[in-house]
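Protein chains in written order, with the UniProt record's numbering: chain A, 1 to 112; chain B, 1 to 112.
For every residue, glycine included, the Cβ atom is placed at its ideal position computed from N, Cα and C.
Number of protein chains: 2
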Amino acid sequence: MRAEALKGHLDGLLLAALEDGPRHGYAVKEALRDTTGGKFDLPTGTVYPALHRLEQAGLISGSWSVVGGRRRRTYELTDEGRRSLAGARDHWQEFAAAISTALGGSPWPATN
Amino acid sequence: MRAEALKGHLDGLLLAALEDGPRHGYAVKEALRDTTGGKFDLPTGTVYPALHRLEQAGLISGSWSVVGGRRRRTYELTDEGRRSLAGARDHWQEFAAAISTALGGSPWPATN
DNA sequence: CTCCCATGCGTAGCGTTACTACCTATAGCG
DNA sequence: CGCTATAGGTAGTAACGCTACGCATGGGAG
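Structure follows, in structure tokens:
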């Protein structure tokens, strides 16, 4: 799965990965890979800058810790991040419905 | 609807708009606006360059005509364009399913 | 008759954003 | 001792839709 198509949707996915609870960057990457069945196995060079963006935007907040001699930056959703995630879900559904309609063919075949 | 999220999906939509039959650029733009209920009312500066890209890629072929003193470039799908459209549909479904899963919440609320 | 608007095509430059490629560091295993 | 997985990071690139323009014609408003 080419991740280029993600443009504009990655942020929502990262927020969703943090909804279950705080995670550090590497774990976010793995969670995303697992929940998508390996379809979105993003390079770290995509994930880390994106997390930095989200933090700067105030959607997540990070804190350093050290586990097993390795420093970790653990992120968790802020209230604004939670709101943004809800918005991203709404936006996605609207977007997906519009694309599916315009693209034609069977509208919602999903993974049946 | 912010069309920025279209990144990587616009081409498929344009191809789909040409599936019913040949259309000129402006008509493609209108068709897209109508089939999406006004959600994707793309500026011409988005549509024309995209059509040029598709033509260069050999997915559509264009020909000039003059209607009412105005020149028109009418495009139609090539065989390769038709194949690409089918691929775009497959790709979209896979992509949408993956995003929906990762984004969580209600998986396929669609427009029920 | 003139001006504006819808139609119709087009380009130049910009900004966002994911990508590739690379760097640092530790722990554990062969 | 080197390789791999884990864990974090940066620099530079490229794609692509966007904004903001420009050109032209025909028809309707004034």
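Alpha carbon to alpha carbon, how far is B:A57 from B:D79?
Using only the alpha carbons, I get a separation of about 12 Å.
Do the segment 21-28 of chain A and the segment 56-74 of chain A meet, that is, are 3 or more Cβ pairs less than 8 Å apart?
With a cut-off of 8 Å, the segment 56-74 of chain A and the segment 21-28 of chain A count as touching, because enough Cβ pairs lie within range.
Considering only C-alpha positions, which residue in the set A:G68, A:A50 and A:A16 is nearest to A:D34?
Out of A:G68, A:A50 and A:A16, A:A16 has the C-alpha closest to the C-alpha of A:D34.
Below 8 Å, can you find three or more Cβ-Cβ pairs linking the segment 77-97 of chain B to the segment 28-47 of chain B?
Touching, no, given that fewer than three Cβ pairs across the two stretches are closer than 8 Å.
From the beta carbon of B:K29, is the nearest beta carbon of chain A less than 8 Å away?
It does not: the Cβ of B:K29 has no partner Cβ on chain A nearer than 8 Å.
Using the beta-carbon of each residue, which ones in chain A are nearer than 7 Å to B:G12?
Near B:G12 (Cβ distances below 7 Å), the residues of chain A are L103.
Identify which residue in B:L6, B:A102 and B:L14 has its Cα closest to the Cα of B:H52.
The shortest C-alpha separation from B:H52 is found at B:L14.
Should residue 123 of chain B be flagged as near chain A, meaning a C-beta pair shorter than 8 Å?
Nothing about residue 123 of chain B can be read from this structure; chain B reaches only from 1 to 112.
Going by other Cβ atoms of all chains shown within 10 Å of its Cβ, with 16 needed for buried, is A:G69 buried or exposed?
So A:G69 ends up on the exposed side.
Can A:A5 and B:K29 be called in contact, C-beta distance under 8 Å?
No, the Cβ-Cβ distance between A:A5 and B:K29 is not below 8 Å.
Can you give me the C-alpha to C-alpha distance between A:S65 and A:Y48, rounded to a whole angstrom?
Taking the straight line from one Cα to the other gives about 16 Å.
Does DSSP put A:T74 in a helix, a strand or coil?
Residue state, collapsed to three classes: strand.
Residues bridged to B:V67 by DSSP?
Partner(s): B:R70.
Using a Cβ cut-off of 8 Å, pull out every chain A residue sitting near B:L32, in sequence order please.
Per Cβ cutoff of 8 Å: A102.
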